[in-house]
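A.B. asks:
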Amino acid sequence: MPSSFNMENMPFSLLDERERDLLRQNLDIGYYQKGEKLLEAGSEPEGVFIILKGLVSESEAADSGESDQQLHVFVHYTNEDYFGAWSAIRGTAIHNFIAEEETICHILPTKILLDLMSSNSLFADYFQQNLSAKSEIVAQHGGDQDMAEFMLAKVSSGVIREPLIILEGTSIDEATRLMREQKADCMMVKRGNRYGIVTGTDLLDAIIINKMPLHKDIAEVASYRLITIDPEDYLFNALIIMTQQRIERVVVMSGAQLEGIIELTDVLSYFSSHSHVIGLRIERAQTVEDLHEAASGLDDLIKALVSHGVKTRFAMDLLAAMNGRIMAKLFDIMIPADMQPHVCLVVMGSEGRGEQIMKTDQDNAIIHRDGLVWPEMQERLNEFSKTLIEFGFPPCPGNIMVSNPDWVKSLGDWTQMLSDWAETCDGEALMNLAIAVDAKPVAGNPAIFKASRNWFMRYLRNNDVFFSHFARASIEFDTPLTFFGNLKEKGELDIKKGGIFPIVHGVRTLALEHRIKVTNTFKRIEALVAAGQIQEKHGREMSEALSLFIQLRLRQQIKRMEQSESGVDQTPNIIELAGLDKMERDLLRDALHIVKGFKKHLTLRYHLGS
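Okay, structure coming up:
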């Protein structure tokens, strides 16, 4: 029977061959009839149970006068799930494990479990460590190990090109000849302690368009506002930057030290997705129809990335960049060029935070300069909203769109609206404010938005009463955990209410209080850690928890969309526990404990106890 044991399942896949032999030699087999207790609360466990065939429920210990049928069942275990490890380690079971049908289990004795934990630190860490440690183990040693390592490739992993460096004082003529000799398509120009970049296109513009003489200094052609990346950053982030900035190369800098250049062609050789092809088609679109056709492949791209093991956060960043380009291009096509410097299109909510994957409600607004006269503005914006809906961006049920005049405001009226909401502090006002403070400019003149944001942050300075009211929404929903720390819901749970929203809104509140301007929740956490407002360990744990919630939700969303005739998921925030394996349920439980701890921190910090 031990030959039937699957060693490829986590965490047993972490064992080496000698340890696997030890496990095989000591595995026992247990047979249990329906209704029989495999492990009883208060008893000393035999060891870890790994189900070969059958179904086992985990339920709370009975109080006096309470029958087994009345007890709450926390979770069900089925083929290849394991249970009892934590009870074996602590020496006593606190829950009942009952066979719901005829069940056969492998049993790994407690002594052998402890021996394996002693000899294999990763095996021990999986049972004992926190969420971030477990997630890292799964990412590096799980079934998607090859893809995980592929996606975690660093910029420094062999794709950095040595740049052609030209000193200030070199003529355009000489620099061009050097580029040709070196077969380079760009050069770095050193002016004092600064570096600038010159591409082949820059040279053509300088000579043909601007008629610059060939004896002129190449330093006058260079651009010194470099878009850079650290050599220890992820290569996938380089692809995101190129997509966002619409460029084909990024300069690699380690502090002030120039390391080299990475080219789009080199990055694309690492990745099989067609994301940049979509990006190029978006950029080249001249009509609404062209743009619609170019954008139609986004959902398939995201499904492909997720199915191939790409980390959810990377997929979110890439989609946020692509959606931003679609909206900016559509804005450019539909809004008259002479009006664009006087208006700013902002996206809000999850789109503003860059945390939307499968398209949900569109939340957007227009902020325009005071005194703007444009009689056709609302008509054009109505058409803009209608076109976005045709592109697959669903209308907002709350009508928070530019087609609603309430979300088209002058700079003065916008700031007044924000201050009125902050002063009112009631439910609807705070909900609108939570959406608005996640705003990010995507088209038009971003200076208009920045003026409103900076004014509002100064307005809220030291307003403790406001932040106490604003933070309270973070603790309104119960964390779906039992008294004993297990998953509370029997069949499904709302992951947005139970996990995502408390982190997103709590971090939003802290970021607003400390005038942190980034809107992405992960980046807000990093900024709060850097500012000393969150401990580094806690920040890492919250990021891991939020990433897990989004990942589990996304996988089930895609599954329900594929099963639905309409291709729409009607319950996008529901996690069906039966669809999770044992490892995912363990990680989910650990992540919800992190949410519970964060809510306690917010309660103390903002005096929310009463």
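Everything in the sequence shown is counted per the working numbering, starting at 171 for the first residue and increasing by one. Glycine included, C-beta positions come from ideal geometry on N, C-alpha and C. Remember, predicted model here, so these are calculated numbers, not experimental data.
Run through DSSP, which three-state label would H265 get?
C.D. replies: Counting from 1 along the sequence shown, the entry for residue 265 is found at position 95. In this structure, H265 counts as strand in the three-state DSSP scheme.
A.B. asks: Would DSSP call L185 helix, strand or coil?
C.D. replies: Sequence index remark: in the sequence shown, residue 185 carries index 15 (1-based). Coil, per DSSP.
A.B. asks: Output needed for I221: all residues of its chain with C-beta closer than 7 Å, excluding positions within five of it in sequence on either side, in chain order.
C.D. replies: Along the sequence shown, read from residue 1 onward, the residue named residue 221 stands at position 51. Cβ neighbours of I221 beyond the five flanking positions: Y247, T248, N249, E250, D251, T273, C275.
A.B. asks: For V677, does the three-state DSSP call read helix, strand or coil?
C.D. replies: Taking the sequence shown and counting its residues from 1, the one referred to as residue 677 is at position 507. Residue state, collapsed to three classes: helix.
A.B. asks: Are there three or more Cβ pairs, one per stretch, closer than 8 Å when the stretch 387 to 405 is compared with the stretch 334 to 342?
C.D. replies: Touching, yes, given that three or more Cβ pairs across the two stretches are closer than 8 Å.
A.B. asks: Which residues bound the beta strand (DSSP E) around S644?
C.D. replies: Residue mapping note: residue 644 aligns to position 474 of the sequence shown, counting from 1. Taken as a continuous stretch (DSSP letters only), S644 belongs to no beta strand (DSSP E), as it is neither H nor E.
A.B. asks: Does the stretch 760 to 767 come close enough to the stretch 621 to 636 that 3 or more CB-CB pairs lie under 8 Å?
C.D. replies: With the cut-off at 8 Å, the stretch 621 to 636 and the stretch 760 to 767 do not touch.
A.B. asks: At the level of alpha carbons, what is the spacing between Y296 and E187?
C.D. replies: Reading the sequence shown from its first residue, position 126 is the one you call residue 296. Reading the sequence shown from its first residue, position 17 is the one you call residue 187. So the alpha carbons of these two residues sit roughly 18 Å apart.
A.B. asks: Looking only at its chain, what residues have a beta carbon closer than 6 Å to the beta carbon of W544, apart from the 5 residues adjacent to it on each side?
C.D. replies: The residue you call residue 544 lines up with position 374 of the sequence shown. M509, listed in sequence order.
A.B. asks: Below 7 Å CB to CB, which residues in the same chain sit around T773 once its five sequence neighbours on both sides are set aside?
C.D. replies: For the purposes of this step, residue 773 is identified with residue 603 of the sequence shown, where counting begins at 1. Within the same chain, T773 has close Cβ partners I645, G779.
A.B. asks: Within the same chain, show all residues whose beta-carbon is closer than 8 Å to that of F554, passing over the 5 residues directly before and after it, in chain order.
C.D. replies: As a first step, residue 554 is located in the sequence shown; it is residue number 384 there, counting from the start. Contacts found: L500, F501, M504, I505, V572, S573.
A.B. asks: Cutting at 6 Å between CB atoms, please list the residues of its own chain near A641, excluding the five before and the five after it.
C.D. replies: Here residue 641 refers to the residue found at position 471 when the sequence shown is read from its first residue. Result list for A641: T679, L772, Y776, in chain order.
A.B. asks: Which residue comes first and which comes last in the alpha helix (DSSP H) that contains E463?
C.D. replies: Numbered from 1 along the sequence shown, position 293 holds the residue referred to as residue 463. Note, E463: alpha helix (DSSP H), 458 to 465.
A.B. asks: Compute the beta-carbon to beta-carbon distance between I448 and M412, rounded to the nearest angstrom, for a pair I have assumed lies under 8 Å.
C.D. replies: Taking the first residue of the sequence shown as position 1, residue 448 is located at position 278. Taking the first residue of the sequence shown as position 1, residue 412 is located at position 242. Not a contact, Cβ separation roughly 13 Å.
A.B. asks: Report the CB separation of T689 from G522 in whole angstroms; it is logged as a contact under 8 Å.
C.D. replies: In the sequence shown, residue 689 corresponds to position 519, counting from 1. In the sequence shown, residue 522 corresponds to position 352, counting from 1. With a Cβ gap of about 5 Å, T689 and G522 count as contacting.
A.B. asks: Cutting at 6 Å between CB atoms, please list the residues of its own chain near E685, excluding the five before and the five after it.
C.D. replies: Along the sequence shown, read from residue 1 onward, the residue named residue 685 stands at position 515. The sequence shown places Arg at residue 685, rather than the Glu named in the question. The answer, listed in chain order, is M627.
A.B. asks: Go to P616, then tell me how far its alpha helix (DSSP H) extends in each direction, as first and last residue.
C.D. replies: For the purposes of this step, residue 616 is taken as the residue at position 446 of the sequence shown. That run of the alpha helix (DSSP H) goes 616 to 629.
A.B. asks: Going by the beta-carbon positions, is the gap between L396 and I431 smaller than 8 Å?
C.D. replies: Position 226 of the sequence shown, counting from 1, holds the residue named residue 396. Position 261 of the sequence shown, counting from 1, holds the residue named residue 431. No, the Cβ-Cβ distance between L396 and I431 is not below 8 Å.
A.B. asks: Does L296 come out as helix, strand or coil in the three-state DSSP assignment?
C.D. replies: Translated into the one-based positions of the sequence shown, residue 296 becomes position 126. Note on identity: in this sequence residue 296 is Tyr, with Leu being the wrong assignment. Note: Y296 maps to helix in three-state DSSP.
A.B. asks: With a 10 Å radius around its C-beta and 16 neighbouring C-beta atoms as the bar for buried, classify N534 as buried or exposed.
C.D. replies: On the sequence shown, residue 534 is found 364 positions in, with the first residue counted as 1. Result: buried.
A.B. asks: What is the C-beta distance between L468 and I527, in whole angstroms, given that I count them as a contact (C-beta under 8 Å)?
C.D. replies: Along the sequence shown, one-based indexing puts residue 468 at 298. Along the sequence shown, one-based indexing puts residue 527 at 357. Not confirmed; about 10 Å, so no contact.
A.B. asks: Going by DSSP, what residues sit across from D760 in a beta bridge?
C.D. replies: As a working note, residue 760 is residue 590 in the sequence shown. DSSP lists no partner for D760.
A.B. asks: Thinking just about the alpha-carbon of each residue, which of R623, V422, R416, K766 is nearest to the one in K610?
C.D. replies: Numbered from 1 along the sequence shown, position 440 holds the residue referred to as residue 610. Cα-wise, what sits closest to K610 is R623.
A.B. asks: Compute the Euclidean distance between the alpha carbons of Q740 and L284, then round it to the nearest angstrom.
C.D. replies: Mapped onto the sequence shown, residue 740 falls at position 570. Mapped onto the sequence shown, residue 284 falls at position 114. Each residue's alpha carbon lies about 46 Å from the other.
A.B. asks: Roughly how many angstroms separate the alpha carbons of T557 and T457, rounded to a whole number?
C.D. replies: Counted from its first residue, the sequence shown places residue 557 at position 387. Counted from its first residue, the sequence shown places residue 457 at position 287. Cα-Cα distance, rounded: 12 Å.
A.B. asks: Keeping to the same chain, check which residues put their C-beta closer than 7 Å to that of A465; ignore five residues upstream and five downstream.
C.D. replies: Taking the first residue of the sequence shown as 1, we reach residue 465 at position 295. The residues are I452, I496, F561.
A.B. asks: CB-CB under 6 Å to S237, same chain, minus the five flanking residues each way: which ones, in chain order?
C.D. replies: Residue mapping note: residue 237 aligns to position 67 of the sequence shown, counting from 1. Note that S237 has pLDDT 47, beneath the 50 cutoff, so the model's placement of it is unreliable and no number is given.
A.B. asks: Who pairs with H771 in a beta bridge, going by DSSP?
C.D. replies: Your numbering for residue 771 matches position 601 in the sequence shown. Per DSSP, none; premise fails for H771.
A.B. asks: What did DSSP end up calling T248 once you bin it into helix, strand or coil?
C.D. replies: Translated into the one-based positions of the sequence shown, residue 248 becomes position 78. Coil.
A.B. asks: Among the residues of its own chain, which have a CB less than 7 Å from the CB of L630, if the five just before and after it don't count?
C.D. replies: Translated into positions along the sequence shown, residue 630 becomes position 460. Excluding residues within five positions, the ones whose Cβ falls inside 7 Å are A592, F636, L682.
A.B. asks: On the three-pair Cβ rule with 8 Å, is the stretch 743 to 750 touching the stretch 714 to 729?
C.D. replies: Yes: at least three Cβ pairs fall under 8 Å.
A.B. asks: Can you tell me whether DSSP reads A408 as helix, strand or coil?
C.D. replies: Along the sequence shown, read from residue 1 onward, the residue named residue 408 stands at position 238. Helix.
A.B. asks: By the three-class DSSP mapping on this structure, what secondary structure does M177 have?
C.D. replies: Taking the first residue of the sequence shown as position 1, residue 177 is located at position 7. M177 falls in the coil class under three-state DSSP.
A.B. asks: If we count the other Cβ atoms within 10 Å of its Cβ and call it buried at 16 or more, is K769 buried or exposed?
C.D. replies: For the purposes of this step, residue 769 is taken as residue 599 along the sequence shown, with counting starting at 1. K769 should be labelled buried.
A.B. asks: Suppose contacts are defined by Cβ-Cβ distances below 8 Å. Is I377 in contact with V359 by that definition?
C.D. replies: Stepping through the sequence shown from its first residue, residue 377 is reached at position 207. Stepping through the sequence shown from its first residue, residue 359 is reached at position 189. Contact: no.
A.B. asks: Going by DSSP, which residues form a beta bridge with Y365?
C.D. replies: Position 195 of the sequence shown, counted from the first residue, corresponds to residue 365. According to DSSP, Y365 bridges with K360.
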